[in-house]
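Have a look at the structure below before the remarks.
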Amino acid sequence: MEKTFSNYPASLVDMIATIQQIPAFIVLLFSSSISKKIGMKNSIGIGLILMGVSGVLPSIIPNLWVILGLRIVFGIGIGLFNSLVITIIDDFYEGHDKSQMLGIRSSFEQIGICIINILVGLLLSISWQASFLSYSMAFLVLVIFWSIVPNVNHEENDNDAQNKSADHPKAKINSRVIGAAIMCSFMTMGMAIVSVLVPSIVVTLKIGTAQDGSFIITLFTLVSMVMGFLFGGFVKVLGKFVYPLGLLCLSVGTILLNYSDSLPMIIVSIAIIGCTFPLAGNYLFSLIDVIAPANSTALANSILLVGCNMGTAFSPLIVKFLGSFSPMGGKQPGIGLFGGIIGALLIAAIVVQIFNRKKPAIKVDNHHQNRF
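If you're matching positions, the sequence shown starts at 77 in the numbering used here and goes up one per residue.
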């Protein structure tokens, strides 16, 4: 791709991989309002269509400016449905079934990433343009989704409009949602440390090759996928302590990564980190209907996803900043200090969960009330 667009600055070419994040952030904040206007199923469908069309077109249009424009449309498509795939679980499931579905969703996200990566690798052997054909998978997902998932109607009819203020309060967020979003950003920082920084760490420390780095990312994805499927079982057994367990994995994994000087140690550390979001992240999303104000579930999901995206985007900068004054030894002191900060948050979470005996008002079967 850089050879094709050699007349353009390399930084501009690199934006093809990142520019979609900007419109995705913006649209994500308005996706709940849009879904209430046109319906949740329609919003998801339109998002998938935009993603599929704008994702595939670069394969036949070798113009950098057009491709950048299409990537912006791609980001709009992602923003339209990203939070709604979680909100729709909130609408259809509750209690343990909801926890199980959230875990399955995160696992299939990893499966999708694996499939796309395999397709991209195969298509790259043809040309860089052919690799964009991998986004045609969006149309397959659209067909399956549209034929199976029933419509979820959040629209208000004229008779209900006059009672809107009483029966349908305006969507808003509160401090608990903001706190959950901040914690999601910390967790995705940990995920990004693995996916973005670990491959270069392996090569820089001369303990492995670029292929070893790719293997580590694949292993990390597989661990996250398996833990997603097991999330419902963990909630059933451990209840609310699933959340501190996830934070413990992130703290221990990143501190171990800081002191890793061999490939086996790095593999163990990333496997531990891979358990974080499937446990703690999914737990926070499972509580959205409890912590969010009335009629604000979709907006709250969007805010949490914004936190996730912000954590991913700023992870390298945060690690570099922490490394500038970290008192910890090891190979990656910024990552080590990050693990220490997560450890402090873990202690705070345990204290809060031990002494907070207030049960939120939510309909959960008796066998799974320990979820809260």
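The beta-carbon is built from N, C-alpha and C at its ideal position, and this holds for glycine as well.
Check	Outcome
Residues near M259 in its chain [Cβ-Cβ closer than 7 Å; skip 5 each side]	L360
Cβ-Cβ separation, I120 to F208 (assumed contact under 8 Å), whole Å	About 22 Å separates the two Cβ atoms, so there is no contact after all.
Residue of I95, M127, M177 minimising C-alpha distance to W141	I95
Stretch pair the region 416 to 431 + the region 317 to 328: three plus CB contacts closer than 8 Å	yes
DSSP three-state assignment for E185, whether helix, strand or coil	helix
Run of the alpha helix (DSSP H) containing N118, from where it starts to where it stops	116 to 132
Where T264 falls, given that 16 or more other Cβ within 10 Å makes a residue buried	buried
Rounded C-alpha distance that separates G115 from I418	39 Å
S135: CB within 7 Å of a non-hydrogen atom of the ligand PLP	The ligand PLP is absent from the structure shown, which contains no ligands of any kind.
CA-to-CA distance, I189 to G266, given in whole angstroms	18 Å
Nearest-angstrom Cα separation, counted from P354 out to S362	11 Å
Test item: CB-CB of G350 and V272 under 8 Å	no
Boundaries of the alpha helix (DSSP H) in which T280 is found, first to last residue	274 to 280
Sequence-distant residues of the same chain with beta carbon closer than 7 Å to S372, five excluded per side	A247, K248, I249
Cβ shell of M303 (< 6 Å), same chain only, five flanking positions each side left out	C351, P354
6 Å CB neighbourhood of S130 in its chain, flanking five on each side removed	L146, V149, F150
CB contact flag (A256, I367, <8 Å)	yes
Sub-8 Å separation of V278 and I292 beta-carbons	yes
Collapsed DSSP secondary structure at N334 in the structure displayed	helix
Nonlocal neighbours in the same chain, by C-beta distance under 7 Å from P99, ignoring five residues either side	I148, G151, I152, G155
Exposure label - K240; buried when at least 16 CB within 10 Å	Reliability fails at K240, whose pLDDT of 49 lies under 50, so the model's placement of it is uncertain and no value is given.
Sequence-distant residues of its chain with Cβ nearer than 7 Å to S402 (five each side left out)	P409, G410, G412, L413
Inter-residue Cα distance where the pair is I426 and L198	46 Å
Short Cβ contact (8 Å threshold) for T297 with Q186	yes
Check whether S182 and N358 have beta carbons under 8 Å apart	yes
Neighbour flag for G415 against chain B, beta carbons, 8 Å	Annotation note: the requested chain B is absent from the structure, which comprises a single protein chain.
Complete runs of the alpha helix (DSSP H) confined to the region 83 to 110 [at least 4 residues]	86 to 90
Residue closest to S327, alpha-carbon to alpha-carbon, out of S111, A356, L375, T163	A356
Beta-carbon contacts of L144 that lie in its chain and below 7 Å, excluding the five residues immediately before and after	M91, I92, I95
Where A347 falls, given that 16 or more other Cβ within 10 Å makes a residue buried	buried
Where K112 sits in the DSSP three-state scheme	helix
Distance, S338 Cα to A329 Cα	The identity of residue 329 in the sequence shown is Gly, whereas the question assumes Ala. Using only the alpha carbons, I get a separation of about 14 Å.
Rounded C-alpha distance that separates L104 from S251	19 Å
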